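Trainee: In this note's numbering, the protein residues as written are 1 to 413. Glycine residues also receive a C-beta, built at the ideal position from the N, C-alpha and C atoms. Quick caveat: nothing in here was measured; it's all calculated off a predicted structure.
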Ligand SMILES: Cc1ncc(COP(=O)(O)O)c(C=O)c1O
Ligand SMILES: [Zn+2]
């Protein structure tokens, strides 16, 4: 048992490990706390490396005590690609893509959900749910199916078709709410309290968020137990960025790496960039109304935004934002150079990385890791309208030869 309880990130008040997420004194967010002395004695590089390649190989650093409660669809331990083709195109010396789009439901959300649903079982909930911008919906539905839990999913009405179809396949009770994510989230906070259900990103949020730390641990392990110089992370609520950093710092504290001097860097879309705007203007976060093709990151009032901003500033990191056109170009650039097909959130990351290198914000000599957190098959509806239809020919060699003649000078059809 390494989890000792919850602690308010604002005022430091401690709470027992229950299904709570907000401090009753100051309304600050609660965070999982551990006994690092116990962890130090029970974890080692050798031990971790012998375990199965899933996020649960770091189980001492996750907030679930009973291994019988773990719901494991084999999320995590996704590939870290050395991306030399893209690095050459961007003019960076050493670039890696952490391809988290190949998780069981095709986004990094399987990490947070595997932890949260396991914790829900430990707490004895028979119903789980979430407010989702899309990826969380399918992940919660899949894990609930595997765990035979009842499941209610709430999404904003304008979600990508691919994400709705995927979610429906797992047969949850899916509710589409008129409004944006922030409206859905508000409704779910009321529902979670009223029905006493385990909402992964509401009353189970302190446990859920810890799953993202594994994206820090894995990159370190895959780089031979070294932290990168820079991590470029897509930001919606800001939780992922703060937890990747927490993961790096924990490994430093446990003596498993020498130093974690990683510069944390946020990527957002221009149509929803409260964290980037606050960083660039040196102000506090001001909520916005999202207006962008990028739906996964469309949280206008980010719950962990101020904490993400603090980390970006403290680590001498930076933040950028990409326009809709740049997001599409980012998706195409990653696919064309590295053979990795990402959704719009990944387009945001690649486009932002490109801009920050061009602006001189990211040094070309850094060892950079870009986090690709969702799969391209999920947002085909958006991409489709920006692509050219392929030429159609008869099954005839002469027709193909004519086509080749016609298109001789065209690089991409
Ligand atoms: C694909 C993808 N990447 C990144 C994020 C960012 O997550 P966070 O809310 O932890 O900032 C999300 C959130 O929904 C997402 O769907
Ligand atoms: Zn507090």
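Going by C-alpha to C-alpha distance, which of 152, 136, 151 sits closest to residue 163?
Mentor: Ranking 152, 136, 151 by Cα distance to residue 163 puts 136 first.
Trainee: According to DSSP, is residue 8 part of a helix, a strand, or is it coil?
Mentor: strand
Trainee: Does the count of Cβ pairs from the stretch 204-223 and the stretch 61-77 closer than 8 Å reach three?
Mentor: yes
Trainee: The alpha helix (DSSP H) with residue 404 in it runs from where to where?
Mentor: For residue 404, the uninterrupted alpha helix (DSSP H) segment begins and ends at 397-406.
Trainee: Using only CA atoms, which one of 116, 109, 85, 53 lies nearest to residue 66?
Mentor: It is 116.
Trainee: Buried or exposed for residue 404, going by 16 or more other Cβ atoms inside 10 Å?
Mentor: exposed
Trainee: Considering only residues of the stretch 335-380, which uninterrupted beta strand (DSSP E) runs meet the minimum length of 3 residues and lie entirely inside it, listed in chain order?
Mentor: Annotation: the stretch 335-380 contains the following complete segments of the beta strand (DSSP E) (minimum length 3 residues), in chain order: 367-372.
Trainee: Between the C-alpha atoms of residue 57 and residue 111, what's the straight-line distance to the nearest angstrom?
Mentor: 12 Å
Trainee: With respect to the alpha helix (DSSP H) encompassing residue 139, which residues constitute its N-terminal and C-terminal limits?
Mentor: For residue 139, the uninterrupted alpha helix (DSSP H) run begins and ends at 135-147, by DSSP.
Trainee: When the distance is taken between beta carbons, is residue 302 closer than 8 Å to residue 238?
Mentor: yes
Trainee: Look at the Cβ atom of residue 271, then the Cβ atom of residue 290, and state whether they are nearer than 8 Å.
Mentor: yes
Trainee: Excluding the 5 residues preceding and the 5 following residue 288 in the sequence, name in chain order all residues of the same chain whose CB lies nearer than 7 Å to its CB.
Mentor: Within the same chain, residue 288 has close Cβ partners 272, 274, 300.
Trainee: Count the C-beta pairs between the stretch 178-193 and the stretch 150-161 that are closer than 8 Å, then say yes if the count reaches three, no if not.
Mentor: Yes, the stretch 178-193 is in contact with the stretch 150-161.
Trainee: Residue 329 and residue 351 - do their beta-carbons sit closer together than 8 Å?
Mentor: Less than 8 Å divides the Cβ of residue 351 from the Cβ of residue 329.
Trainee: Can you list, in chain order, the residues of its chain whose CB lies under 8 Å from that of residue 85, leaving out five sequence neighbours each side?
Mentor: 337, 338
Trainee: Taking the alpha-carbon positions, what's the residue 310 to residue 402 distance?
Mentor: 59 Å
Trainee: Does any heavy atom of ligand 1 sit closer than 7 Å to the C-beta of residue 97?
Mentor: no
Trainee: Have a look at residue 380 and residue 11 and give me their C-alpha separation to the nearest angstrom.
Mentor: Their backbone Cα atoms lie some 44 Å apart in a straight line.
Trainee: Residue 128 to residue 138, Cα distance in whole Å?
Mentor: 13 Å
Trainee: Grouping DSSP H, G and I as helix and E and B as strand, with all else coil, what is residue 185?
Mentor: helix
Trainee: Say yes only if the C-beta of residue 109 is nearer than 7 Å to one or more non-hydrogen atoms of ligand 1, and no if none qualify.
Mentor: yes
Trainee: Which runs of the alpha helix (DSSP H), 4 residues or longer, sit entirely within the stretch 25-88?
Mentor: 36-42, 45-50
Trainee: Would you please state the rounded distance, in angstroms, between the beta carbons of residue 357 and residue 230? I believe it to be under 8 Å.
Mentor: 10 Å between Cβ atoms; not a contact.
Trainee: May I ask whether a heavy atom of ligand 1 can be found less than 7 Å away from the beta carbon of residue 103?
Mentor: no
Trainee: Looking at the structure shown, is residue 156 part of a helix, part of a strand, or coil, going by DSSP?
Mentor: strand
Trainee: When you compare only the Cα positions, how much space is there between residue 284 and residue 306?
Mentor: 7 Å
Trainee: Grab the span of the beta strand (DSSP E) containing residue 163 for me, first residue to last.
Mentor: It is not in any beta strand (DSSP E) - residue 163 instead sits in the alpha helix (DSSP H) that spans 161-169.
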